[in-house]
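This report concerns only the one structure given below.
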Amino acid sequence: MIWSVILVKHLIKGTANLSFFNCQSYKTVQEIQCKLFVVKLISQRFRCSGIITNHKNAQRFKTSELHPASYTDMISEINAVFPVVIEEIQKALREGKRIPEYLTMQQIEELLNVETKSGRLKYLAYLFKKEKIKLSDLLKKERKRNLRLNRTASLNDESQPSHIQYGLGRNSLLLRLEKRTMNQFYNLKLANALLFGQKIVIDLDYDDYMRQKERRDCAAQLRLLYSINRENHFPYDLYFCNAKPSYHCVQYLRQEMPNIDDSFINLTEQSYVDIFPKEKLIYLSPHATESLKTYDHSAIYIIGGFVDIVKKKQISVDKAKEVGIKSYSLPLDDHIVWGLGSRSLSINQVFEIMMTMKNTGNWKKAFQYVPSRK
14 MIWSVILVKH LIKGTANLSF FNCQSYKTVQ EIQCKLFVVK LISQRFRCSG
64 IITNHKNAQR FKTSELHPAS YTDMISEINA VFPVVIEEIQ KALREGKRIP
114 EYLTMQQIEE LLNVETKSGR LKYLAYLFKK EKIKLSDLLK KERKRNLRLN
164 RTASLNDESQ PSHIQYGLGR NSLLLRLEKR TMNQFYNLKL ANALLFGQKI
214 VIDLDYDDYM RQKERRDCAA QLRLLYSINR ENHFPYDLYF CNAKPSYHCV
264 QYLRQEMPNI DDSFINLTEQ SYVDIFPKEK LIYLSPHATE SLKTYDHSAI
314 YIIGGFVDIV KKKQISVDKA KEVGIKSYSL PLDDHIVWGL GSRSLSINQV
364 FEIMMTMKNT GNWKKAFQYV PSRK
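Our numbering numbers the first residue of the sequence shown as 14 and each following residue consecutively.
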């Protein structure tokens, strides 16, 4: 029964994972029953609806059954707004509004920090949509898994008449490209960029200027930016500067990218002016008076890690002036016919524009990443 003690320790520490619960690794029915009993016992202790992992995102509460008592034993200081929020949730459920079925501890804490009722309802609608997308993805994965199992079963069916069968695992000139092999290939390019690639900086010193939703969006855009860079033929050497651990955006980023410390990203609390010579730095700002005409392969461009939904803050130019570095805007008006949509670009879109300019030197190709609705 040593394994059950190990299981309890893992659950309490929050380091258990799904592979630990593979019933095929246990030989007897008694062992399986004992294991399930321990899981049930620990789940009831922590009042969770699933297996506990290493962060409070996994501590889920059923929204329709929320009550203050389920919150006080998790946080030392109860927020006075919490009973009001629960009443709003129950009323929204009765009215059939879009409310997620489950809430995590972190989502509850963020909900309590939203000051207005309309803001809380918008946040709950956002969580509802996110929950449905996740459920849809799980169903797609299950369908693909069933198709794969059916295909494997048909290939292994010996009752069919013998004939040359084409495909992976049968007669084929192509080999299956494993995910591990692809990761090694991408990481090799990133390691090469770390040594010889052009450097680019993402400035994360905007946490105080963003709301919670904007911080989450910023972290999601940075994860997408990393994927774009990783899959490019000639990636940048990425620097995430001013990444203070206390910043909410940095904390969200670590949730989006749990393995960020092993991702060939230079994540540092230092400012870019403390790392690079000022004469090489160019801050890209939509509010700069002078636009960028040509791409400089020897320069180190800085992109602000800033999501400003309400479009009222113009601080990137002031930041550049304060430290004495050049600032340029992208020549959007010279190459884009604007529609009725917003003129703002996401962080990953600006990054893709700069990546394309680095590889092609063609502004027309670079601005293909601006959505047509703009």
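C-beta atoms are modelled at their ideal positions from N, C-alpha and C, and glycine is treated no differently.
A quick note: this is a predicted structure, and the numbers were derived from the prediction, not measured.
Let me know the secondary structure DSSP gives residue i once reduced to three states.
i, result
"D250", "strand"
"E44", "Confidence in E44 is poor, its pLDDT being 46 and thus under 50, which makes the residue's placement too unreliable to answer from."
"G132", "helix"
"L125", "helix"
"Y308", "coil"
"G63", "Low local confidence applies: a pLDDT of 35 at G63 is under 50, so the model's placement there is unreliable, and no value is given."
"N279", "strand"
"L116", "strand"
"V52", "Caution applies to V52, whose pLDDT of 40 falls short of 50 and renders its modelled position unreliable; the value that the coordinates give is listed next. The answer is helix: DSSP assigns V52 an H, G or I state."
"R73", "strand"
"N375", "coil"
"L297", "strand"
"I273", "helix"
"K339", "strand"
"I146", "helix"
"Y179", "strand"
"N184", "strand"
"T165", "helix"
"A256", "coil"
"Y219", "coil"
"T302", "coil"
"V383", "coil"
"L140", "helix"
"K110", "coil"
"L79", "coil"
"I360", "helix"
"I288", "coil"
"R189", "coil"
Expressed to the nearest angstrom, what Euclidean distance is found between the alpha-carbon atoms of residue i and residue j?
i, j, result
"T307", "C231", "27 Å"
"R133", "I360", "26 Å"
"I55", "S185", "For I55, the predicted model reports a pLDDT of 39, less than 50, meaning its position is unreliable and no value from the coordinates is stated."
"T281", "Y249", "16 Å"
"Y260", "L358", "23 Å"
"E123", "F95", "11 Å"
"Q268", "Q381", "30 Å"
"Q234", "L251", "14 Å"
"Q362", "S167", "44 Å"
"F319", "E155", "37 Å"
"R111", "N272", "33 Å"
"N327", "L162", "The sequence given here has Gln at residue 327, not Asn. The alpha-carbon atoms of Q327 and L162 are separated by roughly 55 Å."
"Y115", "A312", "48 Å"
"N200", "E244", "10 Å"
"T76", "I102", "8 Å"
"L207", "K332", "27 Å"
"Q57", "K143", "Low confidence applies to Q57: its pLDDT is 43, below 50, so where it sits in the model is not reliable enough to give any reading."
"A379", "R164", "42 Å"
"R229", "L266", "8 Å"
"V263", "N372", "29 Å"
"L152", "N159", "11 Å"
"V383", "G337", "30 Å"
"E227", "E335", "25 Å"
"T117", "A105", "18 Å"
"V98", "Q225", "17 Å"
"E128", "E108", "22 Å"
"Y285", "M223", "21 Å"
"T369", "I177", "45 Å"
"V350", "W376", "14 Å"
"S329", "D309", "20 Å"
"L305", "Y341", "5 Å"
"Q246", "V214", "Inspection of the sequence shows that residue 246 is occupied by His rather than by Gln. Approximately 19 Å, taken between the alpha carbons."
Please check the pair residue i and residue j, which I expect to be a contact at CB under 8 Å, by giving their CB distance rounded to whole angstroms.
i, j, result
"L343", "I315", "Not quite, the Cβ-Cβ distance comes to about 13 Å (not below 8 Å), so this is no contact."
"K339", "I288", "Between I288 and K339 the Cβ distance is about 17 Å, and since that is not below 8 Å, they are no contact."
"S113", "L79", "Reading off the sequence, residue 113 comes out as Pro, not Ser. Wrong, their Cβ atoms sit about 11 Å apart, outside the cutoff."
"F277", "A204", "6 Å"
"N242", "D216", "Between D216 and N242 the Cβ distance is about 16 Å, and since that is not below 8 Å, they are no contact."
"M195", "Y239", "Between Y239 and M195 the Cβ distance is about 15 Å, and since that is not below 8 Å, they are no contact."
"G317", "Y219", "6 Å"
So the beta strand (DSSP E) residue i belongs to, where does it begin and stop?
i, result
"V330", "Taken as a continuous stretch (DSSP letters only), V330 belongs to no beta strand (DSSP E), being part of the alpha helix (DSSP H) at S329 to V336."
"V214", "K212 to D216"
"I316", "I313 to G317"
Hey, could you find the ends of the alpha helix (DSSP H) residue i is sitting in?
i, result
"L207", "K192 to F209"
"Y239", "Q225 to E244"
"E100", "F95 to R107"
"L345", "L345 to H348"
Tell me, please, whether the CB atom of residue i is closer than 8 Å to any CB atom in chain D?
i, result
"E100", "Of the protein chains in this structure there is only one, and it is not chain D."
With a threshold of 7 Å, establish whether the CB of residue i neighbours any heavy atom of the ligand HEM.
i, result
"K145", "Absent from the structure shown: the ligand HEM. Ligands present: none."
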